Amino acid sequence: MKKLLQLGLSLGAIALTSWSCASPAPNASSSPASTPQPTQTPSAIATAPKPVTSPTTEAAPTTRAIAIGDLKELGSDRVCQNAHPDSILFAYTETRNFKIYLCAEEQLPDRPRWYISKNTDGSSGISLDGKSSNPLRGDIIEFQNEGYTYTIEIPSAQNLAPSLRITFPNGLMKFEPLLRYLGNTATSVVRLDREEPLQAVLRDRDRFGICDSNFNESDANRHSNIYNLGQDKYLVMVQCFLAAYQGSYALVLYNADTKEIRLLSLDDFKQEDSRILKTTTTQFAGLPKFNASTGILSNYAKSRGVGDCGTFAKYKFENEQFVLQEYRAKFSCDGRAIDPAQYPLIYPK
Numbered sequence: 001m002k003k004l005l006q007l008g009l010s011l012g013a014i015a016l017t018s019w020s021c022a023s024p025a026p027n028a029s030s031s032p033a034s035t036p037q038p039t040q041t042p043s044a045i046a047t048a049p050k051p052v053t054s055p056t057t058e059a060a061p062t063t064r065a066i067a068i069g070d071l072k073e074l075g076s077d078r079v080c081q082n083a084h085p086d087s088i089l090f091a092y093t094e095t096r097n098f099k100i101y102l103c104a105e106e107q108l109p110d111r112p113r114w115y116i117s118k119n120t121d122g123s124s125g126i127s128l129d130g131k132s133s134n135p136l137r138g139d140i141i142e143f144q145n146e147g148y149t150y151t152i153e154i155p156s157a158q159n160l161a162p163s164l165r166i167t168f169p170n171g172l173m174k175f176e177p178l179l180r181y182l183g184n185t186a187t188s189v190v191r192l193d194r195e196e197p198l199q200a201v202l203r204d205r206d207r208f209g210i211c212d213s214n215f216n217e218s219d220a221n222r223h224s225n226i227y228n229l230g231q232d233k234y235l236v237m238v239q240c241f242l243a244a245y246q247g248s249y250a251l252v253l254y255n256a257d258t259k260e261i262r263l264l265s266l267d268d269f270k271q272e273d274s275r276i277l278k279t280t281t282t283q284f285a286g287l288p289k290f291n292a293s294t295g296i297l298s299n300y301a302k303s304r305g306v307g308d309c310g311t312f313a314k315y316k317f318e319n320e321q322f323v324l325q326e327y328r329a330k331f332s333c334d335g336r337a338i339d340p341a342q343y344p345l346i347y348p349k
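Using the UniProt record's numbering, the first residue of the sequence shown is number 1, and each one after it goes up by one.
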């Protein structure tokens, strides 16, 4: 199978290496159909202390056990709601030193906005607000602030040993293995042999026209996701390639029993002169997220790196196809970035 907070860190002295973290702000993502441009780094609300000593580069952790489960395991935990009344829990993860809550707005449940950390030694952590951009980037959740980058790797079939990764301004890194990860779709993330179904789909990619506009095999193997739909059927979200601030994807329905492969299409809209035209596409850009339990696919896509224009769409998987539920777009790249949930409504009208 393959993959599923904003985050800020404060780190006290740890044996031998003493280091702390500056607060994160979400990292921007990529553009639908235009040439990738540099990502604009938003500011964060809180700032954690800088490292008291220069970190040393550490190798990424190798295979280890990680507990993956559902957010229901937290029971009545209301950390998100207590901090932000109109929020819900997006995901939760633990390392040796931190308990990290990723919270989302009720109106935009598939996009983490707040990062709240609690230190496992009982001391208070930090809280960050990532309103200005989406930190969810394919198989990672990433925040940037004052030269520091904080990255949470989402567990997947391709990454069975995910970590919290902190990149310091001098380029050196610090890793903390994830010990536990809970999400709404954690139980629907399929841990299959890579040969099936992803490799089955990639072998027949040319035959079915999958990722026919551009394709990077390394990105596809590392960043694609597989979701269990039941009855031996799987949704394969193939990452065709990764651009500067978002990926390009294709959606494929795979039947493990019959070995049938079907490339799926999505309704889309584009602006030509003053007209808005409805189209369909089998390859799209953005930051897609699929919830196998509800069948909802959401996608936020930038039209350029600064995030002042783009689209936000929701689809529901019905009768083995994706049916458009909502489509919003801000076609005017006017230098003003707003919440994608507030983009003008294109569909339904």
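Ideal Cβ positions, reconstructed from N, Cα and C, are used throughout, including at glycine. All values derive from a computational prediction rather than experimental measurement.
Given residue i as reference, the closest of the options once Cα atoms are compared
{"i": "valine 238", "options": "Trp114, Tyr245 and Lys289", "result": "Lys289"}
{"i": "leucine 108", "options": "Met173, Asp206, Thr280 and Ile296", "result": "Ile296"}
{"i": "threonine 294", "options": "Phe322, Phe269 and Cys333", "result": "Phe322"}
{"i": "asparagine 97", "options": "Ile68, Leu164, Asp86 and Tyr115", "result": "Leu164"}
{"i": "arginine 78", "options": "Leu89, Asn216 and Lys314", "result": "Leu89"}
{"i": "glutamate 326", "options": "Ile126, Gly305, Asn291 and Asp267", "result": "Asp267"}
{"i": "serine 123", "options": "Lys99, Leu136 and Tyr315", "result": "Lys99"}
{"i": "lysine 270", "options": "Arg328, Ala250, Leu263 and Leu136", "result": "Arg328"}
{"i": "glycine 129", "options": "Leu202, Ser117, Pro177 and Ala161", "result": "Sequence inspection shows aspartate at residue 129; the glycine mentioned does not correspond to that position. Of Leu202, Ser117, Pro177 and Ala161, the residue nearest in Cα terms is Ser117."}
{"i": "tyrosine 347", "options": "Asp308, Leu277, Gly286 and Lys302", "result": "Leu277"}
{"i": "alanine 220", "options": "Gln199, Asp232 and Arg207", "result": "Gln199"}
{"i": "valine 306", "options": "Ile338, Phe312, Leu235 and Ser156", "result": "Ile338"}
{"i": "leucine 242", "options": "Phe168, Tyr234, Arg222 and Asp212", "result": "Arg222"}
{"i": "asparagine 184", "options": "Asp334, Lys302 and Glu73", "result": "Glu73"}
{"i": "serine 213", "options": "Glu153, Ile140, Cys240 and Lys349", "result": "Cys240"}
{"i": "alanine 244", "options": "Leu235, Ala285 and Cys211", "result": "Ala285"}
{"i": "lysine 316", "options": "Leu235, Ile261 and Gly335", "result": "Leu235"}
{"i": "glutamine 144", "options": "Pro155, Leu71 and Pro169", "result": "Pro169"}
{"i": "alanine 83", "options": "Ala67, Glu105, Gly75 and Tyr300", "result": "Glu105"}
{"i": "leucine 172", "options": "Asn291, Gly147 and Tyr101", "result": "Gly147"}
{"i": "alanine 91", "options": "Leu102, Ala292 and Ile261", "result": "Leu102"}
{"i": "leucine 287", "options": "Ser76, Asn134, Ser156 and Gly125", "result": "Asn134"}
{"i": "phenylalanine 215", "options": "Ala292, Ser76, Ala250 and Lys233", "result": "Ala250"}
With 16 other Cβ atoms within 10 Å as the buried cut-off, status of residue i
{"i": "proline 340", "result": "buried"}
{"i": "serine 248", "result": "buried"}
{"i": "glutamine 342", "result": "exposed"}
{"i": "residue 350", "result": "What is shown of the chain runs 1 to 349, which leaves residue 350 out entirely."}
{"i": "arginine 191", "result": "Residue confidence is low: arginine 191 scores 42 on pLDDT, short of 50, so the model does not pin down where it sits. No coordinate-derived value is stated."}
{"i": "threonine 151", "result": "buried"}
{"i": "threonine 95", "result": "buried"}
{"i": "threonine 93", "result": "buried"}
{"i": "glutamate 318", "result": "exposed"}
{"i": "serine 332", "result": "exposed"}
{"i": "proline 112", "result": "buried"}
{"i": "alanine 313", "result": "buried"}
{"i": "proline 24", "result": "Caution applies to proline 24, whose pLDDT of 39 falls short of 50 and renders its modelled position unreliable; the value that the coordinates give is listed next. Buried, by the Cβ-count rule."}
{"i": "arginine 207", "result": "exposed"}
{"i": "glutamine 231", "result": "exposed"}
{"i": "lysine 330", "result": "buried"}
{"i": "glycine 310", "result": "buried"}
{"i": "lysine 259", "result": "exposed"}
{"i": "leucine 345", "result": "exposed"}
{"i": "glycine 335", "result": "exposed"}
{"i": "glycine 138", "result": "buried"}
{"i": "lysine 349", "result": "exposed"}
{"i": "aspartate 110", "result": "buried"}
{"i": "alanine 67", "result": "exposed"}
{"i": "proline 38", "result": "Low per-residue confidence applies at proline 38: pLDDT is 37, beneath 50, and the placement is therefore not dependable enough to give any value."}
{"i": "serine 87", "result": "buried"}
Residue i CB to nearest heavy atom of the ligand SAH below 6 Å
{"i": "isoleucine 338", "result": "Absence of the ligand SAH from the depicted structure is noted, as is the absence of any ligand whatsoever, leaving it without description."}
According to DSSP, residues forming a beta bridge with residue i
{"i": "proline 112", "result": "Ala104"}
{"i": "isoleucine 338", "result": "Note: isoleucine 338 sits in no beta bridge, so no partner."}
{"i": "glutamate 326", "result": "Lys314"}
{"i": "phenylalanine 241", "result": "Ser248"}
{"i": "asparagine 184", "result": "Asparagine 184 is not bridged to any residue."}
{"i": "glutamate 176", "result": "Leu164"}
{"i": "glutamate 153", "result": "Ile140"}
{"i": "serine 87", "result": "Glu105"}
{"i": "glutamate 94", "result": "Lys99 and Arg180"}
{"i": "serine 332", "result": "In DSSP, serine 332 forms no bridge with anything."}
The beta strand (DSSP E) enclosing residue i, as first and last residue numbers
{"i": "leucine 301", "result": "Looking at the sequence provided, one finds alanine at residue 301 rather than leucine. Run containing alanine 301: 296-302, per the beta strand (DSSP E) assignment."}
{"i": "alanine 67", "result": "67-70"}
{"i": "aspartate 232", "result": "Neither: aspartate 232 is in no beta strand (DSSP E) and is coded neither H nor E."}
{"i": "serine 124", "result": "124-129"}
{"i": "isoleucine 141", "result": "140-145"}
{"i": "leucine 263", "result": "261-263"}
{"i": "glutamine 271", "result": "266-272"}
{"i": "leucine 345", "result": "345-347"}
{"i": "proline 169", "result": "Note, proline 169: premise wrong, no beta strand (DSSP E); not H, not E."}
Boundaries of the alpha helix (DSSP H) in which residue i is found, first to last residue
{"i": "valine 79", "result": "79-83"}
{"i": "lysine 217", "result": "It is glutamate, not lysine, that sits at residue 217 in the sequence shown. Per DSSP, glutamate 217 belongs to the alpha helix (DSSP H) from 217-223."}
{"i": "phenylalanine 208", "result": "205-208"}
### Message
Pairs of beta-carbons, one from the region 217-237 and one from the region 273-282, closer than 8 Å: are there three or more?
### Response
Contact fails: fewer than three Cβ-Cβ distances are below 8 Å.
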